[in-house]
Amino acid sequence: MKSHMKLWVFAILASIVSQNFQSSTGLTIDKNGGYHVVLAIKNDEAKPTHVDTYINSIKQSFRTLSGKMWIATRESFYIAKLDIILPQSWEVEGNLTLVSYPTADIRVSSANKFPYVENNNLCDLPGDFIELPKNLFDNEDTGDLGDNWKVLLVPWARYRWGAYEEHGAPGDKQFPYFVRDVTAVDDEPKWVPNGCTNGDDKLVGAYKNLDGTPCDPTSTSDLDLTCRFYPDKSANVNVTSSLMHFHFMDSVYEFCNATTHKKNVPTKQNVYCDNKSVMETIESSPDFKAIENKNTYVPELQTEVSVSASKPPLYILLDNGLADNNGASVLNQVIPILGKFFNDIDTTGDHKELIVGVGEFPTEETKQYLKPLVPLGLLSQNKDAVVNAIGNRNAVNLSGADFGVALQQAAAIIKASSPVDGGNILFVKTSGAKNITDFSTEKKIELTLRRDNIKLFTLEIVDMAKTRQNLVKIATETQGDAIAYSRADRSKIPTEFREWLEKLLAEYSSPPTPKRVERIAYSDTEFNNTRYVYIGSLNTVGWDLKELCDVHSIHSRFDLFGHNNFPTLKHCDARPQGWGKPFSEH
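Under mature numbering (1 follows the signal peptide of the UniProt record, and there is no 0), read the sequence shown as residues -26 to -1, 1 to 560, first letter to last.
In structure tokens, the structure reads:
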């Protein structure tokens, strides 16, 4: 029983940890080799002058890709459906969806100057997502990077099939741009492009420097780093592969296979895929193995346009800890009010984009770890589940339940699923059973929430003696809000608690606005299971952020226990009140 429980807890943790990476959530492949793909435009992208033309360009590019992919993969894969997610600011009609740029399979933004693939897995294994430049779809056929379908198919091979490029780069000693041709005689080029092409015929073309001047491929010395090879279109009509080499050549439309593959050249495909061809890599991928019946034709591409939600989610975290007698009576009063509040929200007006999820801790199965009850979703679609989860809270007499772990897990869920940067947690905290345990440090929880732009709103049930509110400082520092009730407050709860919830609903969608900076020093060794010590916050006025970490006082501060355990600093961060990435790092 215990081992089963441990495996169940591990599965939950693994799921939540994996969500931190914001890998894509929409892609599926059917038994015929058809992909269902989600493409999203980043929410802050400016609306094109002719938005309908831009959308049609995306559709046409993928229609072409679908047919060309089917041919290039020996009639194995195609694009069955494309979901296009647009920013609300583009004012295009479409269903509201939680899927957005951070969770799409293909992510389009002006910040992306070239296609990029996030795939840190081994050869023939799929990756996380593709990033594309927004201007790629300014034209539906071709642009500065070549034919659109080729610009899409090349990163797709890396993204879904785990293939690698079959070319080198100038100055790269492991994967050089040119390699020596030991078979060259007389005036033949001694240097040829590193890559894979079909057949025994050598590529014909011109060798030129970036400034247009010729470079000499017959030289026995290394060519200059500015030298490039420009293939002659008319002289290479029989060259049909590889798309992972010179994809921009008009004649190239397929990948190298077991017959045409060049195993003796120093390309990433050879090094990382044990000298297998790209086609062999594709045929050993999980996607290829998932095909049961190949289509004999390419079906018409199905497309759907949706609009991304533009507001951060609200995650309700319920503490199931056993409250004392005083706290139990208060809890029995606030829980119905909380459930009714969410039940009464009008999701057709101002709150049509309200995204809500529910989790609980501790439980008998997960102990102090969060157990998801209702996944983040539009309240208009999951209201019954949310209200039911709130109303069916189950008290658990479990000592040693560290709420910091559950809060950080809730933050991870938000980060993985939010259509925008950041989110909110509404934490209903009981007084809890009296216990002694190793709790997460307050600063660690605070930094986790602020790093991910998450506001914390807390309702704490306290005893008659008004014990210290555990979360009021964290709520304040994250620009959320805190409220607490004891049995003495029962008469004002019905009115005041609902007013507080109304305030939360009015403030949850506003992002935090940090106005101060903090310095955090990190030690070389661990103390209390952490490597940092909080130094303090400073007004930004008059400070050069690049010099913040050089302030002498930072080297003589004490740790959270008053001990000077940090004689040697590993590095220092200076950031705007803990939000986002550091300004400087030493």
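Glycine included, each C-beta is placed from N, C-alpha and C at the ideal position.
For lysine 164 and serine 193, believed in contact at Cβ under 8 Å, the rounded distance: 7 Å
For valine 178, the three-state DSSP class (helix, strand or coil): coil
Buried or exposed by the 16-neighbour rule on C-beta atoms within 10 Å, applied to tyrosine 133: Around the beta-carbon of tyrosine 133, 16 or more other beta-carbon atoms lie within 10 Å, marking it buried.
Rounded straight-line distance, which links the Cα of threonine 233 to that of isoleucine 399: 57 Å
For serine 84 and lysine 108, the rounded distance between their alpha carbons: 5 Å
Whole-number beta carbon distance between proline 336 and asparagine 294, since they are thought to touch under 8 Å: 6 Å
Under the three-state DSSP convention, the category threonine 504 falls into: Interpretation of threonine 504 is limited by its pLDDT of 49, a score under 50 that renders its predicted location unreliable; the figure taken from the coordinates is listed afterwards. Residue state, collapsed to three classes: strand.
Residues that DSSP places opposite proline 346 in a beta bridge: Gly333
Where phenylalanine 222 sits in the DSSP three-state scheme: coil
DSSP state of valine 227 mapped onto helix, strand, coil: Sequence inspection shows tyrosine at residue 227; the valine mentioned does not correspond to that position. Looking at tyrosine 227 - three-state DSSP - the assignment turns out to be coil, as it is neither helix nor strand.
Beta-carbon proximity of threonine 71 to valine 281, cut-off 8 Å: yes
Cβ shell of glutamine 34 (< 7 Å), same chain only, five flanking positions each side left out: Glu114
Spatial distance of glycine 340 from serine 63 (CA atoms): Correcting the residue type first, residue 340 is threonine in the shown sequence and not glycine. Their Cα atoms are separated by approximately 42 Å.
Limits of the unbroken alpha helix (DSSP H) element including leucine 275: That residue, leucine 275, is in no alpha helix (DSSP H); it is neither H nor E in DSSP.
Alpha-carbon spacing of lysine 5 relative to lysine 263, whole angstroms: 10 Å
Beta-carbon gap between alanine 180 and tyrosine 204 smaller than 8 Å: yes
Beta-carbon proximity of asparagine 17 to tyrosine 90, cut-off 8 Å: no
Terminal residues of the alpha helix (DSSP H) in which arginine 134 lies: In this chain, the alpha helix (DSSP H) harbouring arginine 134 covers 122 to 135.
Contact under 8 Å by Cβ, isoleucine 58 with isoleucine 32: yes
Cβ pair count under 8 Å reaching 3, the stretch 327 to 336 against the stretch 300 to 315: no
Where the alpha helix (DSSP H) through phenylalanine 262 begins and ends: 260 to 263
Residues near residue 584 in its chain [Cβ-Cβ closer than 6 Å; skip 5 each side]: The requested residue 584 does not occur in the structure, where the chain is confined to residues -26 to 560.
DSSP-derived helix/strand/coil call for valine 379: Valine 379 carries a helical assignment under DSSP once its states are collapsed to helix, strand and coil.
Phenylalanine 88, enclosing beta strand (DSSP E) - first and last residue: For phenylalanine 88, there is no enclosing beta strand (DSSP E), as DSSP marks it with neither H nor E.
Per DSSP, cross-strand counterpart(s) of tryptophan 165: Beta-bridge annotation (DSSP): tryptophan 165 is paired with Arg154.
Sufficient close CB pairs (3 or more, under 8 Å) joining the stretch 140 to 159 to the stretch 122 to 132: no
Reference alanine 390; option with closest CA among Val446, Asp358, Tyr289: Tyr289
Delimiting residues of the beta strand (DSSP E) encompassing leucine 60: 52 to 60
Host beta strand (DSSP E) of alanine 458 (start-end): 455 to 459
Supposed close pair valine 226, tyrosine 52 - CB separation, criterion 8 Å: With 8 Å as the limit, valine 226 and tyrosine 52 do not qualify as a contact, their Cβ atoms being about 19 Å apart.
Per-residue DSSP class, three states only, for serine 215: strand
Own chain partners of glutamine 276 with C-beta closer than 7 Å, once the 5 adjacent residues on each side are dropped: If you ignore the 5 residues before and after glutamine 276, its C-beta comes within less than 7 Å of the C-beta of Ala54, Lys55, all in its own chain and listed in chain order.
Buried versus exposed call for lysine 42 [16 or more other C-beta atoms within 10 Å across all chains shown]: buried
Element boundaries [beta strand (DSSP E), containing alanine 14]: 8 to 15 is the span of the beta strand (DSSP E), which, as asked, contains alanine 14.
Helix, strand or coil at aspartate 293 according to DSSP, with G and I counted as helix: strand
Where alanine 20 falls: helix, strand or coil (DSSP): Residue state, collapsed to three classes: coil.
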